[in-house]
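Per the UniProt record's numbering, residue 1 is the first one in the sequence shown, and the count goes up by one each step. Even for Gly, the Cβ is constructed at its ideal location relative to N, Cα and C. Shown next, in structure tokens, is the structure this report addresses.
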Amino acid sequence: MQKYEKLEKIGEGTYGTVFKAKNKETLEIVALKRIRLDDDDEGVPSSALREICLLKELKHKNIVRLHDVIHSDRKLTLVFEHCDQDLKKYFDSLNGGIDPEVVQSFMYQLLRGLGYCHARNVLHRDLKPQNLLINNSGQLKLADFGLARAFGIPVRCYSAEVVTLWYRPPDVLFGAKLYTTSIDMWSAGCIFAELANAGRPLFPGSDVDDQLKRIFKLLGTATEEIWPGVTQLPEYKPFPIYHPTMTWAQVVPKLNSKGRNLLQCLLVCNPINRMSANEAMRHAYFDDLSPNIRAERKRLVSKGLLRVSGHDTAEFLQGLVTNDVVALYSGSSQHCCYCHLLNVKGRVVYDLMLYKHGDDILMEANVDSLSRLAALMKIYRIKKKIVIEKCEDFALWAVFGTGQENFDPKNLMAFKDPRLPDLGWRILSSSQHDNDSLGDCDPEINIVYDGEHGCYRHLRYDLGIAEGMKELIPETCFPLECNLDILNGVSFSKGCYIGQELTARTKHTGVVRKRLMPITFHGASLPDLNGAKIIDPVGKNVGKILAVSQTLPKGIGLIRFMTALQNPEKLRIDGSDGTVEVRLPFWWPAHLTSSEAATR
Numbered sequence: 001m002q003k004y005e006k007l008e009k010i011g012e013g014t015y016g017t018v019f020k021a022k023n024k025e026t027l028e029i030v031a032l033k034r035i036r037l038d039d040d041d042e043g044v045p046s047s048a049l050r051e052i053c054l055l056k057e058l059k060h061k062n063i064v065r066l067h068d069v070i071h072s073d074r075k076l077t078l079v080f081e082h083c084d085q086d087l088k089k090y091f092d093s094l095n096g097g098i099d100p101e102v103v104q105s106f107m108y109q110l111l112r113g114l115g116y117c118h119a120r121n122v123l124h125r126d127l128k129p130q131n132l133l134i135n136n137s138g139q140l141k142l143a144d145f146g147l148a149r150a151f152g153i154p155v156r157c158y159s160a161e162v163v164t165l166w167y168r169p170p171d172v173l174f175g176a177k178l179y180t181t182s183i184d185m186w187s188a189g190c191i192f193a194e195l196a197n198a199g200r201p202l203f204p205g206s207d208v209d210d211q212l213k214r215i216f217k218l219l220g221t222a223t224e225e226i227w228p229g230v231t232q233l234p235e236y237k238p239f240p241i242y243h244p245t246m247t248w249a250q251v252v253p254k255l256n257s258k259g260r261n262l263l264q265c266l267l268v269c270n271p272i273n274r275m276s277a278n279e280a281m282r283h284a285y286f287d288d289l290s291p292n293i294r295a296e297r298k299r300l301v302s303k304g305l306l307r308v309s310g311h312d313t314a315e316f317l318q319g320l321v322t323n324d325v326v327a328l329y330s331g332s333s334q335h336c337c338y339c340h341l342l343n344v345k346g347r348v349v350y351d352l353m354l355y356k357h358g359d360d361i362l363m364e365a366n367v368d369s370l371s372r373l374a375a376l377m378k379i380y381r382i383k384k385k386i387v388i389e390k391c392e393d394f395a396l397w398a399v400f401g402t403g404q405e406n407f408d409p410k411n412l413m414a415f416k417d418p419r420l421p422d423l424g425w426r427i428l429s430s431s432q433h434d435n436d437s438l439g440d441c442d443p444e445i446n447i448v449y450d451g452e453h454g455c456y457r458h459l460r461y462d463l464g465i466a467e468g469m470k471e472l473i474p475e476t477c478f479p480l481e482c483n484l485d486i487l488n489g490v491s492f493s494k495g496c497y498i499g500q501e502l503t504a505r506t507k508h509t510g511v512v513r514k515r516l517m518p519i520t521f522h523g524a525s526l527p528d529l530n531g532a533k534i535i536d537p538v539g540k541n542v543g544k545i546l547a548v549s550q551t552l553p554k555g556i557g558l559i560r561f562m563t564a565l566q567n568p569e570k571l572r573i574d575g576s577d578g579t580v581e582v583r584l585p586f587w588w589p590a591h592l593t594s595s596e597a598a599t600r
């Protein structure tokens with residue numbers, strides 16, 4: 001405990017006390033959950049042991065991270081990642097309504113976390129707003145796994161004394177002890193309604209009978225006709241026959257029709273008929289969900305591969321591209337790197353992804369440029385013992401939004417995208433696979449069939465990441481302007497490579513005035529914007545548009561960022577009535593826009 005400095009008390013309950021604290025070594029902010037240990041000989045509470053065991057195995061961005069467990073002097077302390085607030089405190093902070101996009105985002109993240117748990121045979125059994133944490137990036141995380149249990153086949157009997165009353169399903173209220181994932185799905189439905197109503201609980205019962213009465217008044221009384229076996233449950237008692245008197249539009253007036261349909265699929269008295277987490281994630285309610293959040297897999301039809309093989313492969317590529325290729329051969333866990341191939345003047349010619357495959361390197365580039373790229377590389381080959389050829393053995397996929405830290409699909413090669421965690425994974429599958437056969441890689445990930453103009457592009461545009469010759473026009477921009485230094489795409493410690501001198505000098509002088517940034521358009525005709533100038537309120541040029549979505553008012557611009565950020569919402573498109581909003585990417589390090597950088 002010596003390495004943690006307590007900052008403030010966050011909460012207190014029957015389990016113990018939670019403190020906000022700082023790791024003195026790393027300066028990371030964490031949450032310390034101190035468990036009370038009784039003076040008798042019972043030792044560590046079973047709920048704490050259960051939580052520790054499960055969270056050691058559950059690694060997902062929608063599940064709170066357990067960093068460490070400290071046991072000493074009759075004290076047990078769990079060290080968690082710190083989140084700013086729970087969903088209950090978020091509700092309390094609302095001043096009126098809640099943005100429908102926030103409701104959609106939180107609900108999808110809740111379902112994704114549940115889907116991950118259920119796929120690994122874990123029931124949470126205590127879902128409620130107080131046990132859902134929210135960080136300052138808008139990520140929702142399942143927490144408090146003290147009542148969670150692993151389940152399997154055959155189904156085991158469990159306690160009916162689980163789940164806070166307001167979020168407890170009718171089967172468990174009637175004493176059911178044989179339940180599976182449906183117990184969590186009812187709770188998720190209650191939370192969904194509470195989200196849609198900005199924090200107003202759907203079934204705030206005072207006791208079990210009142211809780212069932214409230215449920216049946218909204219959904220109708222459960223009978224053998226609609227729920228076979230209900231009368232055989234251990235604590236069943238007959239209720240008056242209630243018929244619904246309110247429409248769902250009255251219950252959740254701010255939820256759209258698709259959302260109301262999803263809610264009805266979750267709040268079903270008969271547990272057999274409740275929708276699963278993975279089914280719910282595929283519901284039409286999430287069709288327009290931001291690609292930053294949704295789990296998708298998209299075949300990259302615009303990408304192709306070259307195979308570079310031979311004794312001198314590492315040495316050859318080391319002197320050709322911006323990143324450290326030798327590191328791929330060092331025996332480390334790194335098997336993929338991002339890099340650029342520059343011309344002698346230090347300008348970008350190709351953006352590349354390199355994958356180590358045995359002793360060979362597979363080089364990803366635009367499919368239309370493979371022949372020219374191979375011809376250029378053969379010019380530089382000289383007498384090196386290498387072979388450069390097109391590789392048509394594999395198809396390329398982008399898989400993103402899964403939230404998984406470890407992703408190991410069967411019979412496929414998976415590489416974590418080295419640029420940003422939000423970009424997910426690159427998958428190399430046999431080119432013999434059709435789209436549907438890749439479905440085995442993870443049941444919760446949707447396949448995207450939308451060709452080149454789809455959610456992967458929208459994700460990149462949201463992040464401010466450019467790819468390919470249409471967006472990074474050859475020999476027009478420099479690698480650091482393309483954010484190569486903050487996307488893990490360049491090594492400043494390896495030896496020389498083509499274009500290295502100017503790149504290194506720019507890095508060490510610290511003068512990079514323009515960078516790629518995400519932009520949003522207002523009142524402009526989208527198809528005509530590529531290459532258009534962006535000007536500030538007095539007509540001064542602050543950048544140009546490099547890429548535009550064909551379906552959403554989003555794109556990427558090469559921007560004089562310090563100038564643009566002074567008036568991010570007052571920029572105009574030269575020769576047009578449209579305006580441009582420049583956004584500072586969340587993943588940029590703070591030093592790029594510091595006052596010191598502004599004076600250089």
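Simplified DSSP state of residue 381, which is helix, strand or coil: In the sequence shown, residue 381 corresponds to position 381, counting from 1. Three-state result, residue 381: helix.
Run of the beta strand (DSSP E) containing residue 356, from where it starts to where it stops: Locating residue 356 in the sequence shown gives position 356, counting from the first residue. 348–357 is the span of the beta strand (DSSP E), which, as asked, contains residue 356.
Neighbourhood of residue 377 by C-beta, 6 Å cutoff - its chain only, sequence neighbours within 5 removed: Locating residue 377 in the sequence shown gives position 377, where the first residue counts as 1. Here the set comprises 388.
Collapsed DSSP secondary structure at residue 179 in the structure displayed: What you label residue 179 is simply residue 179 of the sequence shown in a count that begins at 1. Correct three-state label for residue 179: coil.
Same chain, Cβ closer than 8 Å to residue 25, five either side skipped, listed in chain order: As a first step, residue 25 must be located in the sequence shown, where it is residue number 25. 3, listed in sequence order.
Proximity to residue 90 [Cα-Cα], best of 66, 100, 135, 74: Position 90 of the sequence shown, counted from the first residue, corresponds to residue 90. Cα-wise, what sits closest to residue 90 is 135.
Residue 167 versus 82, 571, 204, residue with shortest Cα-Cα distance: On the sequence shown, position 167 is the one that residue 167 refers to. Out of 82, 571, 204, 204 has the C-alpha closest to the C-alpha of residue 167.
Nearest-angstrom Cα separation, counted from residue 150 out to residue 127: Within the sequence shown, residue 127 is the residue found at index 127, counting from 1. Within the sequence shown, residue 150 is the residue found at index 150, counting from 1. For residue 127 and residue 150, the distance between alpha carbons rounds to 16 Å.
Contact between the stretch 291–310 and the stretch 388–402 (3+ Cβ pairs under 8 Å): Output reads yes: the stretch 388–402 touches the stretch 291–310.
Validate contact between the stretch 476–487 and the stretch 496–516 using beta carbons, cut 8 Å, 3 pairs: With a cut-off of 8 Å, the stretch 496–516 and the stretch 476–487 count as touching, because enough Cβ pairs lie within range.
Contact between the stretch 573–581 and the stretch 532–543 (3+ Cβ pairs under 8 Å): Inter-segment contact for the stretch 573–581 and the stretch 532–543 is present: three or more beta-carbon pairs are separated by less than 8 Å.
Own chain, CB closer than 6 Å to residue 579, minus 5 neighbours either side, in chain order: Along the sequence shown, read from residue 1 onward, the residue named residue 579 stands at position 579. Closer than 6 Å at Cβ, skipping near neighbours: 522, 572.
Cα-Cα separation, residue 242 to residue 464: Taking the sequence shown and counting its residues from 1, the one referred to as residue 242 is at position 242. Taking the sequence shown and counting its residues from 1, the one referred to as residue 464 is at position 464. Between residue 242 and residue 464, the C-alpha separation is close to 54 Å.
Span of the alpha helix (DSSP H) around residue 458: The count along the sequence shown starts at 1 and reaches residue 458 at position 458. It spans 455–463 - the alpha helix (DSSP H) in which residue 458 sits, taken as one unbroken run.
Simplified DSSP state of residue 430, which is helix, strand or coil: As a working note, residue 430 is residue 430 in the sequence shown. Of the three classes helix, strand and coil, the one that applies to residue 430 here is strand, per DSSP.
Proximal residues to residue 492 (C-beta, below 7 Å), its chain only, five neighbours per side dropped: Looking up residue 492 in the sequence shown gives position 492. These residues qualify, in order along the chain: 504, 507.
Under the three-state DSSP convention, the category residue 219 falls into: Walking along the sequence shown from the start, residue 219 turns up at place 219. Looking at residue 219 - three-state DSSP - the assignment turns out to be helix.
3-residue-minimum beta strand (DSSP E) runs that sit fully inside the stretch 475–499, ordered along the chain: Counting only runs that start and end inside the stretch 475–499, there is no beta strand (DSSP E) element of at least 3 residues.
Own chain, CB closer than 8 Å to residue 467, minus 5 neighbours either side, in chain order: Taking the first residue of the sequence shown as 1, we reach residue 467 at position 467. Same-chain partners within the cutoff: 351, 460.
Assigned exposure category for residue 551 - 16 Cβ within 10 Å defines buried: The residue you call residue 551 lines up with position 551 of the sequence shown. Note on residue 551: under 16 other CB atoms within 10 angstroms of its CB, so exposed under the neighbour-count rule.
Stretch pair the stretch 55–65 + the stretch 99–107: three plus CB contacts closer than 8 Å: Cβ pair count under 8 Å is below three, so no.
Inter-residue spacing [alpha-carbon to alpha-carbon] between residue 230 and residue 268: Translated into the one-based positions of the sequence shown, residue 230 becomes position 230. Translated into the one-based positions of the sequence shown, residue 268 becomes position 268. Here the alpha carbon of residue 230 sits roughly 13 Å from the alpha carbon of residue 268.
Status (buried if at least 16 other CB within 10 Å, exposed otherwise) for residue 436: On the sequence shown, position 436 is the one that residue 436 refers to. Reliability of the predicted coordinates at residue 436 is poor, the pLDDT of 48 falling under 50, and the value obtained from them is presented with this limitation in mind. It counts as exposed.
Cβ neighbours of residue 285 in the same chain (closer than 6 Å, five flanking residues each side left out): For this step, residue 285 is matched to residue 285 along the sequence shown. Result list for residue 285: 258, 259, 262, in chain order.
Closest by C-alpha distance to residue 318, when choosing among 300, 341, 147: Reading the sequence shown from its first residue, position 318 is the one you call residue 318. Across the set 300, 341, 147, the C-alpha of 341 shows the shortest separation from the C-alpha of residue 318.
Residue 388 in three-state terms, based on DSSP: Walking along the sequence shown from the start, residue 388 turns up at place 388. If DSSP states are grouped into helix, strand and coil, residue 388 belongs with the strands.
Same chain, Cβ closer than 6 Å to residue 146, five either side skipped, listed in chain order: Locating residue 146 in the sequence shown gives position 146, where the first residue counts as 1. Excluding five sequence positions before and after residue 146, the CB atoms of its chain that fall closer than 6 Å to its own CB belong to 47, 51, given in chain order.
Unbroken stretches of the beta strand (DSSP E), 3 residues or longer, contained in the stretch 54–106: Here the runs fully enclosed are 66–72, 75–81.
Selected residue, minimal CA-CA separation from residue 303, among 391, 234, 320, 53: As a working note, residue 303 is residue 303 in the sequence shown. Selected option, being the one with the closest Cα: 391.
Residues near residue 324 by beta carbon distance below 8 Å, same chain, minus five either side: The residue given as residue 324 occupies position 324 in the sequence shown. These residues qualify, in order along the chain: 318, 337, 491, 493, 494.
Cβ pair count under 8 Å reaching 3, the stretch 269–281 against the stretch 238–255: By the Cβ criterion, the stretch 269–281 is not in contact with the stretch 238–255, since fewer than three pairs of Cβ atoms, one from each stretch, lie closer than 8 Å.
First and last residue of the uninterrupted beta strand (DSSP E) at residue 548: Here residue 548 refers to the residue found at position 548 when the sequence shown is read from its first residue. It spans 541–548 - the beta strand (DSSP E) in which residue 548 sits, taken as one unbroken run.
Beta-carbon separation (whole angstroms), residue 469 vs residue 369, contact threshold 8 Å: The count along the sequence shown starts at 1 and reaches residue 469 at position 469. The count along the sequence shown starts at 1 and reaches residue 369 at position 369. Correct: roughly 6 Å between the Cβ atoms.
Residue range of the alpha helix (DSSP H) that includes residue 171: In the sequence shown, counting from the first residue as 1, residue 171 sits at position 171. Its alpha helix (DSSP H) spans residues 170–173.
Proximity of residue 185 and residue 327 at Cβ, strictly below 9 Å: As a first step, residue 185 must be located in the sequence shown, where it is residue number 185. As a first step, residue 327 must be located in the sequence shown, where it is residue number 327. Not a contact, by the Cβ cut-off of 9 Å.
Segment limits, alpha helix (DSSP H) that includes residue 468: In the sequence shown, counting from the first residue as 1, residue 468 sits at position 468. Taken as a continuous stretch (DSSP letters only), the alpha helix (DSSP H) holding residue 468 covers 468–471.
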